[in-house]
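Visitor:
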Amino acid sequence: MELAIVIAVVVVALVFDYTNGFHDAANAIATSVSTRALTPRIALLLAAVMNFVGAFLGQKVAHTVSDTITPPSGAHGLTVVMAGLLGAIAWNLITWYFGLPSSSSHALIGGLAGSAIAAGAFVNWMTVLEKVVIPMFVSPVVAFTLGFGVMLAIMWIFRRANPHKAQKGFRIAQTISAAAMALGHGLQDAQKTMGVIFLALVTGGFLSEGDDLPFWVIAAAATAISLGTMSGGWRIMRTLGRRIIHLDPSRGFAAESVAASVLYTTAYVWEAPISTTHTITSSIMGVGATKRFSAVRWGVAKSIVMAWVFTFPAAGSVAALVYLLCHFVFQLP
């Protein structure tokens with residue numbers, strides 16, 4: 052019975068990973084497509100490949116996610132994990148439908164915490180605070196500030212350059228920055244699914260907490276997020292690439308480079324599962340503000356921030372309802 056539930060949780064986790072891929076595909080490619088540095092087809096293929104490669108570059112974020120909650124052992128605990136995943140998937144689909152670039156990462160953490168609270172299970176609030184909540188506020192500020200600063204530096208360095216030649220060069224450079232961004236997305240977001248699968252395997256008694264991630268878990272998560280990326284995320288891409296601000300190649304390069312740097316630093320130094328969506332969106336706002344602050348469509352930015360704020364409680368509430376429904380139907384202890 053527990054093996055069947057573990058298999059079901061793994062399948063649902065990979066479905067979440069797939070929705071993460073198409074929900075967040077825009078993170079890596081929206082700026083490159085909007086500046087016409089890459090065609091949509093090439094951009095999606097590049098993002099899918101780099102997402103796959105990035106998933107194999109570390110496990111620290113995965114262990115942070117698996118440490119977020121301590122569910123009960125057996126079928127009861129697996130139900131808690133399943134409910135958390137379903138809450139995250141529901142919020143991903145809702146925000147995708149409305150074209151809002153919310154955070155799949157925070158939806159997942161919020162979902163797990165919500166189902167754990169409903170079940171009376173332990174939530175490691177210190178880990179949530181240090182690795183999730185604080186980075187949730189700090190990373191957008193850092194990305195905005197660095198984006199603004201890097202773009203100012205680029206404008207000063209190339210102030211005497213031929214504008215046409217400079218923008219052509221940045222359009223080529225965006226191929227590298229888009230690849231770096233997609234690699235960072237795979238490094239961050241695929242690991243979150245790995246962490247949930249690892250949590251399910253430990254809860255079901257198939258692994259111990261000190262074990263390494265099995266290779267099949269890494270490969271499955273990498274494949275799912277890559278397939279999701281290939282299916283695209285055009286609604287959110289339009290929001291990031293056009294509605295916040297119309298980007299030129301130099302600003303697209305600056306935004307992607309800054310966002311990728313923040314993703315790598317938080318993954319390897321702080322082991323924090325930060326939002327790639329928050330990071331790239333804030334970078335775009337930062338580089339856009341160098342034109343003039345009024346050039347950024349702050350009304351669109353406000354709606355995005357509202358989606359960020361509601362992600363934790365919304366995903367957590369859905370997850371709690373799913374758990375309570377399962378508890379009632381299956382008469383869990």
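Start counting the sequence shown at 52; every next residue gets the next number (this note's numbering). Note that the Cβ used here is the ideal one computed from N, Cα and C, for glycine as well.
(1) Going along the chain, which residues of its own chain have a beta-carbon closer than 7 Å to the beta-carbon of residue 169, five neighbours each way excluded?
(2) For residue 269, which of helix, strand or coil comes out of DSSP?
(3) Mind the definition here: the segment 91-104 touches the segment 308-327 only if three or more C-beta pairs lie below 8 Å; say whether that holds.
(4) Could you have a look at residue 174 and say whether DSSP puts it in helix, strand or coil?
(5) Residues in its own chain within less than 8 Å of residue 226 by CB, not counting five upstream and five downstream?
(6) Report yes or no: do the segment 151-164 and the segment 326-344 share at least 3 C-beta pairs separated by less than 8 Å?
(7) Can you name the start and end residues of the alpha helix (DSSP H) that residue 321 belongs to?
(8) Taking its Cβ as the centre, do 16 or more other Cβ atoms sit within 10 Å of residue 319, making it buried, or is it exposed?
(9) Just confirm the distance between the C-beta atoms of residue 222 and residue 300, as a whole number of angstroms; I'd bet it's less than 8 Å.
(10) If you draw a straight line from the C-alpha of residue 103 to the C-alpha of residue 109, how long is it?
(11) Whose C-alpha, out of 180, 193, 135, 129, is nearest the C-alpha of residue 166?
(12) Following the continuous alpha helix (DSSP H) through residue 203, name the residue where it begins and the one where it ends.
(13) Can you tell me which of the three DSSP states residue 90 falls into?
(14) With 16 other CB atoms within 10 Å as the buried threshold, where does residue 177 fall?
(15) Starting from residue 108, trace the alpha helix (DSSP H) in both directions and tell me its first and last residue.
(16) Provide the residue span of the alpha helix (DSSP H) that contains residue 180, from first to last.
(17) Is the distance from the Cβ of residue 132 to the Cβ of residue 122 below 7 Å?
(18) Is it true that the CB of residue 199 sits closer than 7 Å to the CB of residue 81?
(19) In the DSSP assignment, what residue or residues form a beta bridge with residue 121?
(20) May I ask you to report which of helix, strand or coil DSSP gives residue 354?
Guide: Taking the definition as stated:
(1) Against the sequence shown, residue 169 aligns to sequence position 118. Same-chain partners within the cutoff: 371, 374, 375.
(2) Reading the sequence shown from its first residue, position 218 is the one you call residue 269. Three-state result, residue 269: helix.
(3) no
(4) As a working note, residue 174 is residue 123 in the sequence shown. Correct three-state label for residue 174: strand.
(5) Position 175 of the sequence shown, counted from the first residue, corresponds to residue 226. Here the set comprises 83, 88, 89, 97.
(6) yes
(7) Numbered from 1 along the sequence shown, position 270 holds the residue referred to as residue 321. Where residue 321 is concerned, there is no enclosing alpha helix (DSSP H), given that its DSSP letter is neither H nor E.
(8) Working through the sequence shown from its first residue, we reach residue 319 at position 268. Looking at its Cβ environment, which holds fewer than 16 other Cβ atoms inside 10 Å, residue 319 is exposed.
(9) In the sequence shown, counting from the first residue as 1, residue 222 sits at position 171. In the sequence shown, counting from the first residue as 1, residue 300 sits at position 249. Sure, about 4 Å apart at Cβ, within 8 Å.
(10) For the purposes of this step, residue 103 is taken as the residue at position 52 of the sequence shown. For the purposes of this step, residue 109 is taken as the residue at position 58 of the sequence shown. Near 12 Å, if we compare the C-alpha coordinates of residue 109 and residue 103.
(11) Within the sequence shown, the letter at position 115 stands for residue 166. Ranking 180, 193, 135, 129 by Cα distance to residue 166 puts 135 first.
(12) On the sequence shown, position 152 is the one that residue 203 refers to. Unbroken alpha helix (DSSP H) run through residue 203: 185-208.
(13) Counted from its first residue, the sequence shown places residue 90 at position 39. The answer is coil: DSSP assigns residue 90 none of H, G, I, E or B.
(14) Position 126 of the sequence shown, counting from 1, holds the residue named residue 177. Per the 10 Å Cβ criterion, exposed.
(15) Working through the sequence shown from its first residue, we reach residue 108 at position 57. No alpha helix (DSSP H) holds residue 108; DSSP gives it neither H nor E.
(16) Taking the sequence shown and counting its residues from 1, one reaches residue 180 at position 129. No alpha helix (DSSP H) holds residue 180; DSSP gives it neither H nor E.
(17) Numbered from its first residue, the sequence shown carries residue 132 at position 81. Numbered from its first residue, the sequence shown carries residue 122 at position 71. Yes, the Cβ-Cβ distance between residue 132 and residue 122 is below 7 Å.
(18) What you label residue 81 is simply residue 30 of the sequence shown in a count that begins at 1. What you label residue 199 is simply residue 148 of the sequence shown in a count that begins at 1. No, they are not a contact pair.
(19) Taking the sequence shown and counting its residues from 1, one reaches residue 121 at position 70. Beta-bridge pairing links residue 121 to 173.
(20) As a working mapping, residue 354 is identified with position 303 in the sequence shown. Three-state result, residue 354: helix.
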